[in-house]
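Residue numbers (my numbering): 2 to 397.
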């Protein structure tokens, strides 16, 4: 997707088809996996995906909305089968994601600090909301996108991956330390609650665990030193920002700390208060009916609350199916908690992020990573690989 965005920027939208290539590759891998072995979980996923797609057709709403819902929310589930495939047993997927994310974040940081006029015009052209909303987004680091989801979610995922692998090794190398500090700074500048809260919680959890684990105690020293350097780096970066932007950022973080999660959830829920009077049916109002396509068409939309979107679009059937799926994945993951720690962490991150974003419906929010990690938990080859191989960082 990043390559496609760059091509569009360069005026080469005609050949921006890398996302399609990735999808076709995922289809081939999935079909090959299902041909060799189809589990009951696979059948369940296929059943509820097809059921939602077909049932949605009985509702009267624009076909473009339905297509968007199937394309971005249901079709992304195919990456569960990719994660379940034997080709995904190792860490190559995440190892090969490190450099692209770091490069995009670095370019984004340069654009954010320098803010050339053409870049400001580009960001302003993507906004359709009020002036306050535009000013908020202009204070956020978002690289090539209008909104910072790709950058902040990608940084959070790679941060956790690097920290997790370092935890398994019991040390943090110099290169990894620089990467972790850089990604943390990027997330702070992107100003999104979910990634910041997630990396803070996971860093604290691994730090506390290492303090009480004799074999991992040296890791705690690395983390404490890392946090000290991080504070210094954030202070230095803030010194490069103009006063107006800095004041706005600090006020946002202050409201986050003082208000807490309760006020955040209340704020997010109130945005879509118009839906409270709507009746929830068994099959729902149709997949994609309240997605971004509806928003841009001036229709009722749920753009930042995945749970609410699932509830109204797929009804009680969708709620039950998604709940059963997530419950089975978590139970399966907990059975081998130590080996599935990374995947469970990613799933926890997305479950938390869904309170304020449609992160299972938008590719720019790395929804395929969620399904990929769910598939890895059901991947027996992956579990065997984890149990028999060392956690050595290939990029180190």
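From the three backbone atoms N, C-alpha and C, an ideal C-beta is built for every residue, glycine too.
Run of the alpha helix (DSSP H) containing residue i, from where it starts to where it stops
| i | result |
| --- | --- |
| residue 52 | 41 to 57 |
| residue 189 | 175 to 191 |
| residue 194 | 194 to 212 |
| residue 293 | 293 to 297 |
| residue 65 | 64 to 70 |
| residue 119 | 118 to 126 |
| residue 350 | 342 to 354 |
| residue 402 | The question about residue 402 has no answer here: the residues shown for the chain are numbered 2 through 397. |
| residue 400 | Within the shown structure, residues of the chain are numbered from 2 to 397, placing residue 400 beyond reach of any answer. |
| residue 289 | Run containing residue 289: none; DSSP gives neither H nor E here. |
| residue 79 | 79 to 85 |
Residues near residue i by beta carbon distance below 8 angstroms, same chain, minus five either side
| i | result |
| --- | --- |
| residue 78 | 46, 50, 372 |
| residue 152 | 105, 106, 109, 142, 143, 144, 146, 187, 191 |
| residue 385 | 90 |
| residue 282 | 316, 317 |
| residue 221 | 208, 211, 212 |
| residue 124 | 138, 139, 143, 147 |
| residue 329 | 42 |
Pair within 8 angstroms by beta-carbon distance, residue i and residue j
| i | j | result |
| --- | --- | --- |
| residue 1 | residue 106 | Residue 1 is absent from the model: the chain starts at 2 and stops at 397. |
| residue 273 | residue 303 | yes |
| residue 171 | residue 217 | yes |
| residue 376 | residue 83 | yes |
| residue 301 | residue 291 | yes |
| residue 344 | residue 311 | no |
| residue 367 | residue 154 | yes |
| residue 169 | residue 86 | no |
| residue 362 | residue 150 | no |
| residue 100 | residue 164 | no |
| residue 54 | residue 75 | yes |
| residue 464 | residue 313 | The structure shown does not extend to residue 464, since the chain is modelled only from 2 through 397, so no value can be given for it. |
| residue 357 | residue 194 | yes |
| residue 287 | residue 120 | no |
| residue 180 | residue 227 | no |
| residue 380 | residue 305 | no |
Close-in-space but distant-in-sequence residues of the same chain around residue i (CB under 7 angstroms, 5 per side omitted)
| i | result |
| --- | --- |
| residue 370 | 158, 347 |
| residue 133 | Caution applies to residue 133, whose pLDDT of 49 falls short of 50 and renders its modelled position unreliable; the value that the coordinates give is listed next. Closer than 7 angstroms at Cβ, skipping near neighbours: no residue. |
| residue 88 | 30 |
| residue 234 | 182, 186 |
| residue 340 | 384, 387, 388 |
| residue 382 | 87, 90 |
| residue 334 | 341, 344, 345, 378 |
| residue 81 | 46, 372, 375, 376 |
| residue 27 | 79, 80, 83 |
Simplified DSSP assignment, three categories, for residue i
| i | result |
| --- | --- |
| residue 146 | coil |
| residue 91 | coil |
| residue 333 | helix |
| residue 151 | helix |
| residue 133 | Note that residue 133 scores a pLDDT of 49, beneath 50, so its modelled location is shaky and nothing firm can be said. |
| residue 358 | coil |
| residue 279 | coil |
| residue 61 | coil |
| residue 238 | helix |
| residue 171 | coil |
| residue 20 | helix |
| residue 365 | helix |
| residue 34 | helix |
| residue 306 | coil |
| residue 273 | coil |
| residue 222 | helix |
| residue 139 | helix |
| residue 312 | helix |
| residue 165 | helix |
| residue 339 | coil |
| residue 217 | helix |
| residue 300 | coil |
Own chain residues within Cβ distance below 6 angstroms of residue i, not counting five before or after
| i | result |
| --- | --- |
| residue 167 | 173, 177 |
| residue 197 | 188 |
| residue 200 | 157, 160 |
| residue 66 | 289, 290, 294, 295 |
| residue 94 | none |
| residue 40 | none |
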